[in-house]
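Colleague:
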Amino acid sequence: MAVGSALGGAASTKRNNTWWTLVISGILMLVGSALLSTLTDTSSPEPKEWGFQVILGLGLGLNLSTATFITSMSVEFEDHAVGQGLIAQMLVFGSSLGVASSFIVLNNTIQDRLTNVLSPTQLRDFCTSPTAIYSFVSLQQLEVREVYIDTFNANMRVCIGISPVSIVAVLCSFQRNPPTLKSRLADLAEVGSK
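Right, dumping it as structure tokens:
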């Protein structure tokens with residue numbers, strides 16, 4: 017993600033490439049989510065998992081830095097703080113939606129699949145603290161592990177469904193002649209000289 021953030025900022029230093037950067041970041045997030053949703057149940061992480069995470073992280077980093085940069089290029093200088101605040105609020109809002117949807121998927125999967133495997137007391141203890149898994153017998157631990165793996169894959173499929181929406185939104189924001197960094201710096205110098 018850090019590399020993507022650095023690349024996102026560097027991509028538009030000479031020329032405004034924010035639109036292209038956002039398109040590429042959306043595609044990388046879609047591909048990364050799709051690849052992560054294909055992971056299977058193994059006792060240790062597969063090496064390809066790290067590559068899939070790099071793809072997703074690169075897309076997320078590109079998106080984050082470019083969203084911040086595009087605000088600087090698009091809003092009037094007196095509205096810059098408001099624009100950055102709006103971006104920050106949208107990031108928090110989107111993150112909250114992601115956490116909420118992930119929790120709903122996890123909770124529904126636990127209720128559907130573990131009610132016949134765990135006793136009501138074990139289920140309550142597990143929902144209170146996932147470390148309760150250490151008190152379960154091996155067969156129950158394996159079933160809980162399966163639930164977590166399946167929930168992760170389901171959450172990645174949710175991301176697969178959301179990513180195309182972001183790509184379409186970016187495609188709708190195309191500008192034939194976007195402002196350049198040089199022109200924005202000239203505008204800033206003009207405003208500063210007044």
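If you count by the numbering used here, then the sequence shown holds residues 17 to 210, one letter each, in order. All residues carry an ideal CB built from backbone N, CA and C; glycine is no exception.
1) Counting pairs of Cβ atoms below 8 Å between the region 36–50 and the region 178–190, do you hit three or more?
2) Count the other CB atoms, across all protein chains shown, that sit within 10 Å of the CB of Gly-24; report buried if there are 16 or more and exposed otherwise.
3) If we ignore side chains and look at the alpha-carbon of each, how far apart do Asn-32 and Ser-81 end up?
4) Helix or strand or just coil, what does DSSP make of Glu-162?
5) Within 10 Å of its beta-carbon, does Asn-79 have 16 or more other beta-carbons around it, so buried, or fewer, so exposed?
6) Rounding to the nearest angstrom, what Cα-Cα distance links Gly-110 and Met-172 in this structure?
7) For Cys-143, which of helix, strand or coil comes out of DSSP?
8) If you follow the alpha helix (DSSP H) that Leu-52 is in, where does it begin and where does it stop?
9) According to DSSP, simplified to helix, strand and coil, what is Gln-100?
10) I believe Gly-77 touches Val-19 by the beta-carbon criterion, under 8 Å. Please report the beta-carbon distance rounded to the nearest angstrom.
11) Please report the residue range of the alpha helix (DSSP H) in which Ala-83 lies.
12) Can you list, in chain order, the residues of its chain with a C-beta nearer than 8 Å to that of Ser-90? Leave out the 5 residues immediately preceding and following it.
13) Round the Cβ separation of Leu-122 and Thr-167 to the nearest angstrom and send it over; I've been treating them as touching at under 8 Å.
14) Our contact map puts Leu-130 next to Val-108 with C-beta atoms below 8 Å; I'd like the distance itself, whole angstroms only.
15) Helix, strand or coil: which one does DSSP assign to Val-181?
16) As an exercise, report each continuous alpha helix (DSSP H) stretch of at least 4 residues that is fully enclosed by the region 115–139, in chain order.
17) Mapping DSSP to helix, strand and coil, what is Asp-57?
Modeller: Once the coordinates are examined:
1) yes
2) buried
3) 13 Å
4) helix
5) buried
6) 15 Å
7) helix
8) 34–52
9) helix
10) 6 Å
11) 63–90
12) Gly-99 and Pro-195
13) 5 Å
14) Leu-130 to Val-108, Cβ: 31 Å. No contact.
15) helix
16) none
17) coil
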